[in-house]
Ligand code: C2O
Ligand code: CU
Ligand code: CU
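Residue numbers (the numbering used here): 21 to 511.
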């Protein structure tokens, strides 16, 4: 086992029922339903997002110091429709400078909420955000350079759901809180007083911060929900700082219908999904086939490891039943599993006119560490960067011509990193040198990167100036803060 596998194993072990470390994870709580702010009806009222310091009990019996957006922890689900312009008033009440980035949105750089759009304590940021893209599950989170990891972990994150005519008329479960659920998955560390903890060490920077406790919608898992008979839709966000999660069902394969940027061409059956921080997937579960089913979640990206443990512990591996769905007698959405979902042709790489290459770097050179610190990145002892350079706020790394189709190839010099690009959705051509799994062949804004090339086909349709550039970065938030990020303009 190399060091990373060992760390994965050590932290996964905390989830095993035999380990004794599951005091909080033992009880089953009801699934918290995240409140919806539905603005699909329009109107000219401004949409208020109040970033605030608060306290929240995750189910440990103690109040943890948190940040929330209109709530004590996390934000609402903002539900909007393609074609709308969203007039946000984002008020910073957390007592420290922050930003709020709309992850997944195809919007101009000046309203993207990246690290250049700081909101000082007590100030209000009022971007008018034009939603032109198709139905998709997006999210928002802090992007304050050097503080993104801690602020997001503390609770500055929420879901921005876009509907369009096709999604609203689709023959799919859509009764929120009944057969249609939003799941925000995170891992947390709780200290001996049962309060949420975030401690950074040099090693944490290297691996990214990982907790030993899975939290769903702000409640320590496992959680349970009663559902009607029929199809149930789960819209899932991995909002961990650094954890890859492996998702599966207790009974039967899962049906994936959408990824980061919208519906797949047709539904995909899969035994499991490997989900990086920042990714979103929508799945359907047919509750007619079993009285109860559960969404199983295991920590770690090494499926081989999960497989070995799986055979040792009777098939469950290190997975826990994060969300149990208990079926009640009444029928809910009685339609059948969809086949065709969207008009999505296969990605055509011959459309690309420009190719760019990005090598993600970490550890190693002293130069990288020195530059990372010099340029205001926040690291442990090491340094991180892309193409040999850590992030620098006043340096633009790439200039893209608006409307061009490009191939971006990304590789890393060591571990697995989730790579994200602002202002677009892309198609994955190859992932770590191989064809991506079928569920990752639709619209994406996240790609898994290891030592072989991962290639994405991308087009940028909106402008970003040098005052408000877009970012590309590793979505392990500690890596991002440490300089594994770059900036580009579109024009
Ligand atoms: Cu989810 Cu640049 O961020
Ligand atoms: Cu983003
Ligand atoms: Cu990384």
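Cβ atoms here follow ideal geometry from the backbone N, Cα and C, with glycine treated the same way. These numbers were taken from a predicted model, which means no experiment stands behind them.
- Could you give the DSSP three-state label for residue 437: helix, strand or coil? strand
- Going by beta carbon distance, what residues of the same chain come within less than 6 Å of residue 95, once the five residues before and after it are set aside? 89 and 178
- Message: Can you find the residues in the same chain that come closer than 6 Å, C-beta to C-beta, to residue 288, ignoring five residues on each side of it along the sequence?
- Response: 276, 458 and 459
- Query: What is the DSSP secondary structure of residue 234, counted as helix, strand or coil?
  - Reply: strand
- Query: When the Cα of residue 101 is compared with those of 48, 155 and 67, which residue comes out closest?
  - Reply: 155
- Message: On the criterion of 16 or more Cβ atoms from any shown chain inside 10 Å, does residue 360 qualify as buried, or is it exposed?
- Response: exposed
- Item | Residue environment, residue 35, which counts as buried when at least 16 other CB atoms sit within 10 Å | Note that residue 35 scores 42 on pLDDT, short of 50, meaning its location in the model is unreliable; the coordinates nonetheless yield the value given after this. With 16 or more Cβ atoms within 10 Å of its Cβ, residue 35 is classed as buried.
- Please name the residue in 115, 79, 72 and 151 whose C-alpha comes closest to that of residue 92. 72
- Item | Three-state secondary structure (DSSP) of residue 419 | strand
- Query: Mind checking whether residue 53 and residue 59 have CB atoms under 8 Å apart?
  - Reply: no
- Local conformation of residue 183 per DSSP, three classes: strand
- Message: Using a Cβ-based criterion (distance less than 7 Å to any ligand heavy atom), does residue 491 qualify as near ligand 3?
- Response: no
- Query: Under a criterion of Cβ closer than 5 Å to any non-hydrogen atom of ligand 2, which residues qualify, in chain order?
  - Reply: 123 and 442
- Query: Going by beta carbon distance, what residues of the same chain come within less than 8 Å of residue 489, once the five residues before and after it are set aside?
  - Reply: 129, 134, 136, 416, 507, 508 and 509
- Query: With which residues is residue 494 paired in a DSSP beta bridge?
  - Reply: 439
- Message: Any heavy atom of ligand 1 closer than 7 Å to the beta-carbon of residue 121?
- Response: yes
- Residue range of the unbroken beta strand (DSSP E) whose run includes residue 429: 425–432
- Beta-carbon proximity list for residue 269, same chain, < 8 Å, skipping 5 on both sides: 305, 313, 314, 315 and 316
- Query: Where does residue 148 fall in DSSP's three states?
  - Reply: strand
- Message: Let me confirm a value: residue 445 is counted as buried when at least 16 other C-beta atoms fall within 10 Å, else exposed. Which label applies?
- Response: buried
- List the DSSP bridge partners of residue 248. Answer by DSSP bridge pairing: none, since residue 248 is not bridged.
- Interface flag, residue 133 vs chain B, CB-CB below 8 Å: In the structure shown, chain B does not exist; there is a single protein chain.
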